[in-house]
Amino acid sequence: MKAIVYTKYGSPDVLQIREVDKPTPGDDELLIKVHATTVNRTDCATIRAKPFFMRIITGLFKPKKQIPGSEFAGEVEAVGKNVTSYKVWDKVFGFDDEGAMSQAQYLTITEDKLAIIPENISYEQATASSEGAHYAYNFINKVDLKKGQSVLVNGATGAIGSAAVQLLKNYDVNVTAVCATKNVELVKSLGPDKVIDYTTQDFTKDDQQYHYVFDTVGKSSFFKCWKLLKPGGVYISSDLGFLAQNMYLPFLTPFIKPFLGGKKTAFPYPSDIKRTLLLIRKLIESGKFNALVDRKYTLQHIIDAYKYVEKGHKTGNVVIMVEHDNGN
Numbered sequence: 009m010k011a012i013v014y015t016k017y018g019s020p021d022v023l024q025i026r027e028v029d030k031p032t033p034g035d036d037e038l039l040i041k042v043h044a045t046t047v048n049r050t051d052c053a054t055i056r057a058k059p060f061f062m063r064i065i066t067g068l069f070k071p072k073k074q075i076p077g078s079e080f081a082g083e084v085e086a087v088g089k090n091v092t093s094y095k096v097w098d099k100v101f102g103f104d105d106e107g108a109m110s111q112a113q114y115l116t117i118t119e120d121k122l123a124i125i126p127e128n129i130s131y132e133q134a135t136a137s138s139e140g141a142h143y144a145y146n147f148i149n150k151v152d153l154k155k156g157q158s159v160l161v162n163g164a165t166g167a168i169g170s171a172a173v174q175l176l177k178n179y180d181v182n183v184t185a186v187c188a189t190k191n192v193e194l195v196k197s198l199g200p201d202k203v204i205d206y207t208t209q210d211f212t213k214d215d216q217q218y219h220y221v222f223d224t225v226g227k228s229s230f231f232k233c234w235k236l237l238k239p240g241g242v243y244i245s246s247d248l249g250f251l252a253q254n255m256y257l258p259f260l261t262p263f264i265k266p267f268l269g270g271k272k273t274a275f276p277y278p279s280d281i282k283r284t285l286l287l288i289r290k291l292i293e294s295g296k297f298n299a300l301v302d303r304k305y306t307l308q309h310i311i312d313a314y315k316y317v318e319k320g321h322k323t324g325n326v327v328i329m330v331e332h333d334n335g336n
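Set out below in structure tokens:
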């Protein structure tokens with residue numbers, strides 16, 4: 009089978025398309041014929057092994073998993089003897105934040121990391137509906153949302169941010185979305201109550217205060233945003249931040265919150281992929297979720313896709329269409 013392979017860490021130029029052995033599913037796994045995958049910020053960080061401590065998981069001197077990619081959509085080609093929830097020909101989508109090795113024609117995965125694709129969407133829409141939505145949902149799970157509260161989402165056109173805006177509207181909260189001028193109308197279509205154009209207004213100086221600030225692109229900080237928070241408000245970022253501050257501030261802010269009006273931070277450690285996929289499937293079927301797709305590439309143009317994502321200005325998701333010998 010064809011797959012994207014990297015044997016050392018570095019820029020997107022380390023990526024190569026190669027012929028490799030087709031994987032064989034274990035007793036608890038499924039073999040998936042991949043029709044679409046994505047390139048996301050996680051993939052870009054993984055091939056560069058940045059931050060450096062990622063190597064504890066990905067491999068100290070070279071990558072343990074030499075095929076990148078975390079999300080996918082395709083069809084089941086074979087199932088292990090212990091798999092009970094799926095059968096051959098089922099159309100599925102899924103995600104593995106530890107690496108699904110999905111930038112290939114085939115992959116193997118356990119059944120707790122995938123779900124049936126809703127009938128009303130394509131493979132490309134399905135593959136774009138997992139990673140960003142999963143991380144967005146795990147922002148929401150870290151706070152106690154109540155009807156009528158206010159939430160600011162910075163980076164509302166990214167995969168996480170666009171998913172967060174749509175998910176939040178199901179909680180009857182007031183959502184303010186931050187984006188650039190060119191995407192204002194697109195973001196309005198996602199349903200926020202207010203849109204801030206960061207090219208003309210510094211959102212950290214907004215005169216409104218919020219119960220929660222979700223920085224889904226990691227381009228701000230708790231200290232820049234704490235004035236935006238109401239007393240007891242929470243700031244969450246998708247990025248580790250300067251000197252990995254967003255990892256340790258959740259442990260520090262409870263001790264200094266009397267000096268900050270009770271304001272604090274939380275870290276959106278993701279969990280329970282299956283729960284997210286089932287929720288997103290339900291929302292897609294009811295017309296309440298639509299993953300944004302920016303650009304589409306093929307495996308042959310994977311380097312271009314990575315370089316585009318690394319610029320940090322994608323709108324939603326960058327999808328990779330995976331062709332097979334029969335052209336499908």
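Each residue of the sequence shown is one higher than the one before, counting from 9 in our numbering. Ideal Cβ placement from N, Cα and C applies to all residues, glycine included. Everything numeric in this text was worked out from a predicted model, so none of it was measured.
Three CB pairs or more closer than 8 Å across the segment 288-302 and the segment 174-194: In the pairwise beta carbon analysis, the segment 288-302 is classified as touching the segment 174-194: at least three pairs are separated by under 8 Å.
Mind pulling the alpha helix (DSSP H) runs of 4 or more residues that sit fully within the segment 127-151? Within the segment 127-151, the complete alpha helix (DSSP H) runs of at least 4 residues are 131-135, 139-148.
Which residue marks the beginning of the alpha helix (DSSP H) containing L38, and which one marks its end? From DSSP, L38 is part of no alpha helix (DSSP H) but of the beta strand (DSSP E) over 37-47.
Are the segment 98-108 and the segment 27-35 touching by the rule of at least three beta carbon pairs closer than 8 Å? Between the segment 98-108 and the segment 27-35, the count of C-beta pairs closer than 8 Å stays below three; the two stretches do not touch.
Which of the three DSSP states is assigned to I124 in this structure? In this structure, I124 counts as strand in the three-state DSSP scheme.
Mind checking if K154 is an interface residue toward chain D, Cβ cutoff 8 Å exclusive? The structure shown contains no chain D; it holds only a single protein chain.
Does the pairing of the segment 268-279 with the segment 237-246 give three or more beta-carbon distances under 8 Å? The answer is yes - the segment 237-246 touches the segment 268-279, with three or more Cβ pairs under 8 Å.
Determine the extent of the beta strand (DSSP E) in which Y24 is found, giving its start and end residues. Going by the sequence as given, residue 24 is Gln instead of Tyr. Start and end: 24-27.
May I ask you to report which of helix, strand or coil DSSP gives M329? The three-state secondary structure of M329, taken from DSSP, is strand.
Alpha-carbon to alpha-carbon, C187 and A164: C187 has its alpha-carbon roughly 6 Å from the corresponding atom of A164.
Distance, K177 Cα to L307 Cα: C-alpha separation (whole angstroms): 35 Å.
Going by CA-CA distance only, name the one from K155, V91, S110, P71 that's closest to V327. Closest in C-alpha terms to V327, from the list K155, V91, S110, P71, comes S110.
Where T273 sits in the DSSP three-state scheme: Under the three-state reduction of DSSP output, T273 falls in the strand class.
Report yes if the CB atom of Y143 is closer than 8 Å to the CB atom of P262, and no otherwise. In this structure, the beta-carbon distance from Y143 to P262 does not fall below 8 Å.
Using only the alpha-carbon positions, how far apart do Q113 and S78 sit? In this model, Q113 and S78 are separated by some 14 Å (Cα to Cα).
With H, G and I counted as helix, E and B as strand and the rest as coil, what does DSSP make of L176? Secondary structure at L176: helix, using DSSP grouped into helix, strand and coil.
Tell me, please, whether the segment 149-156 touches the segment 123-138 by the rule of three or more beta-carbon pairs shorter than 8 Å. Touching, no, given that fewer than three Cβ pairs across the two stretches are closer than 8 Å.
Which residues in the same chain have their Cβ closer than 7 Å to the Cβ of V203, if we skip the five residues on either side of it in sequence? Cβ neighbours of V203 beyond the five flanking positions: A185, C187, V192, V195, K196.
Can you give the Cα-Cα distance for E37 and K89, rounded to whole angstroms? One alpha carbon belongs to E37, the other to K89, and they sit about 8 Å apart.
If you reduce the DSSP assignment to three classes, tell me which class L291 lands in. Helix at L291.
Kindly indicate which residue of L160, A171, S93 has the alpha-carbon position closest to the one of Y221. It is Val, not Tyr, that sits at residue 221 in the sequence shown. Restricting attention to L160, A171, S93, the CA atom closest to the CA of V221 is found in L160.
Bridge partners for R283 per DSSP, in chain order? The secondary-structure analysis by DSSP pairs R283 with nothing; it has no beta-bridge partner.
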